[in-house]
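Enquirer: Here it is, the structure in full.
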Amino acid sequence: MRKAIVFAGVAAVAAGCATMQDEAAYREQAVAWMKRDFHARGMAKTDRLNQDELQRACTQYNNNPPEALVKRVEAAEMAGIKLPADGKYLGDWKRGQRIASSGRGMTWSDKPGAAGGSCYNCHQLSPQQPSFGTIGPSLRGYGKTRGYTAENRKYVYQRIYNSKAFSMCSTMPRFGHSGTLNEQQIKDVAAYLMDPASPVNQ
Amino acid sequence: MGDPMKIRARLQGDVADVRVLMAHPMETGQRKDPSGKVIPAHFIKEIRAELNGKPVFDAQISQAISRNPVFAFRVKGAKAGDKLKITWEDNTGDKRSDEITVGG
Amino acid sequence: MRYARVLCAAAGLAVGLAGQPATAQSDDRTAAEFDKFREVLEEANPAELWELKGEELWRQKRGPKNASLEQCDLGLGAGVLKGAYVQLPRYFADTGKVMDAEQRIVHCMITLQGFKYEDLANRPFSRGNYTPDPVSIVTYVAAQSREMKIAVPQSHPKERETYEIGRQIFFYRAGPWDFSCASCHGADGLRIRTQNLPNFTKPGAQAARSFIGWPGYRMTGGVMHSLQWRMNDCFRQQRFPEPGYASDTIAALLTYMAVNSNGQLYRGPGIKR
Numbered sequence: 331m332r333k334a335i336v337f338a339g340v341a342a343v344a345a346g347c348a349t350m351q352d353e354a355a356y357r358e359q360a361v362a363w364m365k366r367d368f369h370a371r372g373m374a375k376t377d378r379l380n381q382d383e384l385q386r387a388c389t390q391y392n393n394n395p396p397e398a399l400v401k402r403v404e405a406a407e408m409a410g411i412k413l414p415a416d417g418k419y420l421g422d423w424k425r426g427q428r429i430a431s432s433g434r435g436m437t438w439s440d441k442p443g444a445a446g447g448s449c450y451n452c453h454q455l456s457p458q459q460p461s462f463g464t465i466g467p468s469l470r471g472y473g474k475t476r477g478y479t480a481e482n483r484k485y486v487y488q489r490i491y492n493s494k495a496f497s498m499c500s501t502m503p504r505f506g507h508s509g510t511l512n513e514q515q516i517k518d519v520a521a522y523l524m525d526p527a528s529p530v531n532q
Numbered sequence: 156m157g158d159p160m161k162i163r164a165r166l167q168g169d170v171a172d173v174r175v176l177m178a179h180p181m182e183t184g185q186r187k188d189p190s191g192k193v194i195p196a197h198f199i200k201e202i203r204a205e206l207n208g209k210p211v212f213d214a215q216i217s218q219a220i221s222r223n224p225v226f227a228f229r230v231k232g233a234k235a236g237d238k239l240k241i242t243w244e245d246n247t248g249d250k251r252s253d254e255i256t257v258g259g
Numbered sequence: 052m053r054y055a056r057v058l059c060a061a062a063g064l065a066v067g068l069a070g071q072p073a074t075a076q077s078d079d080r081t082a083a084e085f086d087k088f089r090e091v092l093e094e095a096n097p098a099e100l101w102e103l104k105g106e107e108l109w110r111q112k113r114g115p116k117n118a119s120l121e122q123c124d125l126g127l128g129a130g131v132l133k134g135a136y137v138q139l140p141r142y143f144a145d146t147g148k149v150m151d152a153e154q155r156i157v158h159c160m161i162t163l164q165g166f167k168y169e170d171l172a173n174r175p176f177s178r179g180n181y182t183p184d185p186v187s188i189v190t191y192v193a194a195q196s197r198e199m200k201i202a203v204p205q206s207h208p209k210e211r212e213t214y215e216i217g218r219q220i221f222f223y224r225a226g227p228w229d230f231s232c233a234s235c236h237g238a239d240g241l242r243i244r245t246q247n248l249p250n251f252t253k254p255g256a257q258a259a260r261s262f263i264g265w266p267g268y269r270m271t272g273g274v275m276h277s278l279q280w281r282m283n284d285c286f287r288q289q290r291f292p293e294p295g296y297a298s299d300t301i302a303a304l305l306t307y308m309a310v311n312s313n314g315q316l317y318r319g320p321g322i323k324r
């Protein structure tokens with residue numbers, strides 16, 4: 331049965347362009363191949379190949395899902411954010427800097443708990459660190475330019491905890507949601523962005 | 156008995172432009188493996204080049220040379236058909252020779 | 052609407068997504084720098100040492116069946132090496148599937164020489180002074196396509212199907228960090244730290260950076276690596292579980308990127324920083 335669908339898909343491609351239906355059939359096959367060919371290593375178990383609803387929708391809609399779905403999923407992601415019980419959103423920017431600079435965490439060669447934020451892989455932050463990526467926007471002078479307000483402190487904490495609560499198909503990992511960073515570590519990274527003494531704001 | 160060298164000799168007039176690639180770990184004896192044990196020194200200490208059996212040079216080298224090193228030099232008075240032979244010897248006594256025909 | 056257009060472009064059937072002039076310019080500059088770097092090292096690339104070793108391994112009678120690889124068919128007939136690498140991955144009737152270069156070499160080592168997949172997959176990547184035999188052999192095979200145009204076929208239905216499956220794998224977002232290959236290699240002009248990220252979804256010179264330069268000698272560590280290693284380490288950083296060595300998943304992903312590379316010049320085994 332599936333074979334028939336796939337061959338129909340091939341014909342459509344040859345004729346011009348893959349249809350949405352073919353896309354789904356090819357994706358189903360791709361998932362079957364990956365599930366057959368990948369194996370667990372270190373902390374990276376094969377259940378990582380299973381998509382949650384958000385990952386599935388972002389893949390299916392090429393990171394551009396319908397508006398209604400975006401609203402619903404973003405709300406659900408927002409509801410899943412655990413805010414600090416003590417109501418404080420900022421920790422120690424020095425520890426935050428170490429986390430921001432570290433590319434460790436969650437790969438099969440990492441030890442569980444040895445987690446970094448990989449922030450510099452994608453963002454410019456401190457002017458003293460010239461080795462930064464451009465996948466995300468520059469965050470240089472973040473607190474200084476946006477304002478050191480209570481509202482912004484909370485936003486930064488939430489954004490690091492779960493970027494997808496604000497932009498469903500954002501490239502940025504959900505650091506809190508995925509268990510990569512704990513509450514204190516998220517506070518520390520938030521402080522790196524929002525503490526007036528942090529090099530990010532110099 | 157190491158892996159084969161890659162020797163290239165390009166003739167320009169009576170000068171042969173020679174490049175030699177050698178496969179060798181060139182271990183300095185100062186690095187440690189993940190368990191903290193010192194990795195024993197293992198490096199080429201001598202390189203000889205001969206043209207038709209006559210020495211061109213005999214070089215003493217040391218740990219300062221990179222892994223899988225490349226050597227380039229020019230031999231004056233070379234002509235097509237000459238036999239160029241390169242030999243290296245390392246600190247463990249291991250040796251390797253390879254020969255090519257110039258312009259061949 | 053945008054969705055449909057992206058699909059067509061990715062399948063190489065429309066050329067509507069030409070880069071912005073500024074991006075094209077900086078791509079050219081990067082490419083020019085890269086060419087200069089390559090030229091300087093061209094005659095001194097240690098990759099050639101593995102070419103020599105690979106040639107020896109290709110010709111020698113080895114393995115439980117005491118046979119050479121000279122009867123191995125890499126797609127152009129038994130033992131035909133010239134131009135074979137730039138036309139892989141491709142469909143093979145004897146296995147009924149699309150195979151990439153190293154996967155096919157492993158297949159030949161198993162069928163002709165009697166080696167076991169488990170042994171070859173046990174330590175498939177170079178480390179320190181150790182280079183797995185298939186890496187040397189694929190380096191030798193690749194060198195026989197030096198200065199030839201990449202021309203990966205899409206004439207067999209299985210080849211087109213494998214391309215589409217590979218494309219789905221490329222865009223598949225999963226794992227704790229929600230990454231797909233496209234998270235890093237799906238847009239123009241991006242950098243991770245200071246490393247430029249070519250856009251592999253863009254047919255032509257950009258996509259060809261997934262093909263050109265591999266197999267490559269890595270100056271860091273002084274080891275030879277093939278595309279099997281590159282894919283493995285990308286999935287590691289994508290926070291995925293580990294893909295099987297020389298598996299069909301890797302072949303499909305390589306098919307997607309190689310077909311997007313078609314028409315570009317392959318310059319032989321490369322050198323990496």
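Residue numbers (the numbering used here), protein chains in the order written: chain W, 331 to 532; chain F, 156 to 259; chain Y, 52 to 324.
Think of the CB as a built atom: it goes at the ideal place given N, C-alpha and C, for glycine as much as any other residue.
No experiment lies behind these values; they were computed from the predicted model shown.
Do P414/W and C499/W have their C-beta atoms within less than 8 angstroms of each other?
Expert: no
Enquirer: With a threshold of 8 angstroms between beta-carbons, can A95/Y be considered close to chain F, or not?
Expert: Answer yes: the Cβ-Cβ gap between A95/Y and chain F drops below 8 angstroms somewhere.
Enquirer: What is the residue span of the alpha helix (DSSP H) that F286/Y lies within?
Expert: 278-288
Enquirer: Given a threshold of 16 other Cβ atoms within 10 Å of its Cβ, counted over all protein chains shown, does R110/Y qualify as buried or as exposed?
Expert: exposed
Enquirer: Determine, using beta carbons only, whether I156/Y and V192/Y come nearer to each other than 8 angstroms.
Expert: In this structure, V192/Y lies closer than 8 angstroms to I156/Y by Cβ.
Enquirer: Give, in chain order, every residue of the segment 206-228 of chain Y whose Cβ lies closer than 7 angstroms to some Cβ of chain W.
Expert: P208, R211, E212, E215, I216, Q219, I220, F222, Y223, R224, A225, G226, P227, W228
Enquirer: When the Cα of A297/Y is compared with those of L171/Y, A194/Y, G237/Y, E99/Y, which residue comes out closest?
Expert: Checked all of L171/Y, A194/Y, G237/Y, E99/Y; the closest Cα to A297/Y is L171/Y.
Enquirer: Given that a residue counts as buried once 16 or more other Cβ atoms are within 10 Å of its Cβ, and exposed if not, what is F212/F?
Expert: exposed
Enquirer: Quick one: using the 10 Å Cβ neighbour count with 16 as the cut-off for buried, is V257/F buried or exposed?
Expert: buried
Enquirer: Return the first residue and the last residue of the alpha helix (DSSP H) that K200/F is part of.
Expert: No alpha helix (DSSP H) contains K200/F, which is instead part of the beta strand (DSSP E) from 199-206.
Enquirer: Can you confirm whether Q488/W, when its beta carbon is compared against all beta carbons of chain Y, has any partner nearer than 8 angstroms?
Expert: no
Enquirer: Considering only residues of the same chain and omitting the five flanking positions on each side of Y223/Y, which have a CB-CB separation below 7 angstroms?
Expert: Taking Y223/Y as the centre and dropping the five residues before and after it, the same chain places the C-beta of S231 closer than 7 angstroms to its C-beta, in chain order.
Enquirer: Determine the direct distance from the alpha carbon of G157/F to that of H179/F, and round the result to whole angstroms.
Expert: So the two alpha carbons sit approximately 7 angstroms from each other.
Enquirer: In chain order, what are the residue ranges of uninterrupted alpha helix (DSSP H) at least 4 long that sit wholly in the segment 133-165 of chain Y?
Expert: 152-162
Enquirer: Should Q289/Y be labelled buried (16 or more other beta-carbon atoms within 10 Å of its own) or exposed?
Expert: buried
Enquirer: For K231/F, I'd like the list of residues in its chain whose CB is within less than 7 angstroms of its CB, leaving aside the five on either flank, ordered along the chain.
Expert: D169, V170
Enquirer: Under 6 angstroms Cβ to Cβ from A204/F, same chain only, skipping five residues before and after it: list those, please.
Expert: V211, F212, I241
Enquirer: So is V203/Y buried or exposed if we call it buried at 16+ other beta carbons inside 10 Å?
Expert: buried
Enquirer: With 8 angstroms as the threshold, decide whether the Cβ of G319/Y is near any Cβ in chain A.
Expert: Absent from the structure: chain A. Protein chains present are W, F and Y.
Enquirer: Express the C-alpha separation of L206/F and K441/W in angstroms, rounding to a whole number.
Expert: 56 angstroms
Enquirer: Check whether the Cβ atoms of L316/Y and K200/Y lie closer than 8 angstroms to each other.
Expert: yes
Enquirer: Whose C-alpha, out of D237/F, T247/F, L176/F, R251/F, is nearest the C-alpha of G208/F?
Expert: D237/F
Enquirer: Is there a Cβ from chain Y that is less than 8 angstroms from the Cβ of I429/W?
Expert: no
Enquirer: Which residues of chain Y have a Cβ atom closer than 7 angstroms to the Cβ of D367/W, listed in chain order?
Expert: D367/W reaches chain Y at P294, G295, S298, D299, T300, counting residues in chain order whose Cβ is nearer than 7 angstroms.
Enquirer: Nearest-angstrom Cα distance between A233/Y and N512/W?
Expert: 27 angstroms
Enquirer: May I ask whether a heavy atom of the ligand PLP can be found less than 7 angstroms away from the beta carbon of A204/F?
Expert: Judged by which ligands are present, the structure shown has none, so any question about the ligand PLP falls away.
Enquirer: Using 8 angstroms as the threshold, is the C-beta distance between S187/Y and K323/Y below it?
Expert: no
Enquirer: Counting only Cβ pairs nearer than 8 angstroms, list the residues of chain Y close to K375/W.
Expert: The answer, in chain order, is P292.
Enquirer: Along chain Y, which residues have their Cβ under 8 angstroms away from the Cβ of S461/W?
Expert: R244, T245
Enquirer: Candidates Q185/F, I202/F, E201/F, A235/F: which alpha carbon is nearest I194/F's?
Expert: Q185/F
Enquirer: Would you kindly check if the distance between the Cβ of L384/W and the Cβ of V400/W is under 8 angstroms?
Expert: Contact flag unset, no.
Enquirer: For M408/W, would you say it is in contact with chain Y, using Cβ-to-Cβ distances shorter than 8 angstroms as the test?
Expert: M408/W has a beta carbon lying at 8 angstroms or more from every beta carbon in chain Y.
Enquirer: Counting along the chain, where does the beta strand (DSSP E) carrying Q359/W start and finish?
Expert: First-last for Q359/W: 350-367, but that is the alpha helix (DSSP H), not the beta strand (DSSP E).
Enquirer: According to the Cβ coordinates, are G520/W and Y450/W closer than 8 angstroms?
Expert: Per the sequence presented here, residue 520/W reads as Ala, with Gly not at that position. No, the Cβ-Cβ distance between A520/W and Y450/W is not below 8 angstroms.
Enquirer: Just the C-alpha distance for C388/W and A164/F, rounded to the nearest angstrom, thanks.
Expert: 57 angstroms
Enquirer: Quick one: what's got a C-beta closer than 6 angstroms to S456/W's C-beta in the same chain, skipping five residues either side?
Expert: P529, V530
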